[in-house]
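A short write-up of the structure that comes next.
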Amino acid sequence: MADFSMPRVAVPATLLLAGGGHREGEVYVMERVPQHTGPETPLDMLNRPEAFFPFRPKKDGEGVLLVAKARTVTLTVPRPQAEDSVRLSAAKKATLEITLADGSTLSGWATLELPQHHSRVLDYLNAVAEPFFTIATSDGVLHLVNRAHVLYARPED
54 MADFSMPRVA VPATLLLAGG GHREGEVYVM ERVPQHTGPE TPLDMLNRPE
104 AFFPFRPKKD GEGVLLVAKA RTVTLTVPRP QAEDSVRLSA AKKATLEITL
154 ADGSTLSGWA TLELPQHHSR VLDYLNAVAE PFFTIATSDG VLHLVNRAHV
204 LYARPED
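Residue numbers 54 to 210, in the working numbering, belong to the letters of the sequence shown in order.
Here it is, written out as structure tokens:
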């Protein structure tokens with residue numbers, strides 16, 4: 054039987070695990086997904102039901118690591134150049150600070166694509182059961198944050 058695999062695209066990423074320490078490397082996303090046009094996003098990949106994902110550290114000699122999503126605190130990736138401006142035209146940006154279980158903080162904004170009467174930061178954090186959500190920062194990156202590792206969020210608007 055022939056091996057079948059979906060074509061993948063490498064995305065540079067910085068991984069923070071519950072044990073601490075940032076690791077530079079790359080993750081792999083599918084070239085196409087049925088949910089939207091274009092390739093899978095790293096957020097899509099993290100929110101799939103599989104418990105592990107492949108991560109290739111930048112350090113020479115290290116092979117691919119199969120990382121437990123449950124132990125992933127954040128995965129930081131470059132913000133895509135071409136965002137769907139038509140889809141996001143009705144979205145609201147909310148500034149917030151996230152405090153993680155290790156005491157570190159992330160400040161940035163979330164893009165709230167919610168009904169107007171449910172568009173608070175609290176609504177964004179509680180909107181879906183998916184484990185990861187996005188915080189964008191002014192340095193051009195997206196922090197994909199695991200809800201299970203958040204102590205609290207502070208809206209700054």
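Even for Gly, the Cβ is constructed at its ideal location relative to N, Cα and C. No experiment lies behind these values; they were computed from the predicted model shown.
- One Cα belongs to Thr152, the other to Lys111, and the distance between them is close to 27 Å.
- Ala71 carries a coil assignment under DSSP once its states are collapsed to helix, strand and coil.
- Ranked by Cα distance from Asp176, the options Pro184, Leu165, Thr94 and Gly161 are led by Leu165.
- Nearest in C-alpha terms to Asp210, of all of Gly72, Phe185, Ser160 and Glu183, is Ser160.
- Distance from the CA atom of Asp155 to the CA atom of Thr127, rounded to whole angstroms, is 12 Å.
- Of the candidates Glu150, Ile188, Gly193 and Arg173, the residue whose Cα lies closest to the Cα of Pro65 is Gly193.
- Counting of Cβ neighbours within 10 angstroms places His75 among the exposed residues, the total staying below 16.
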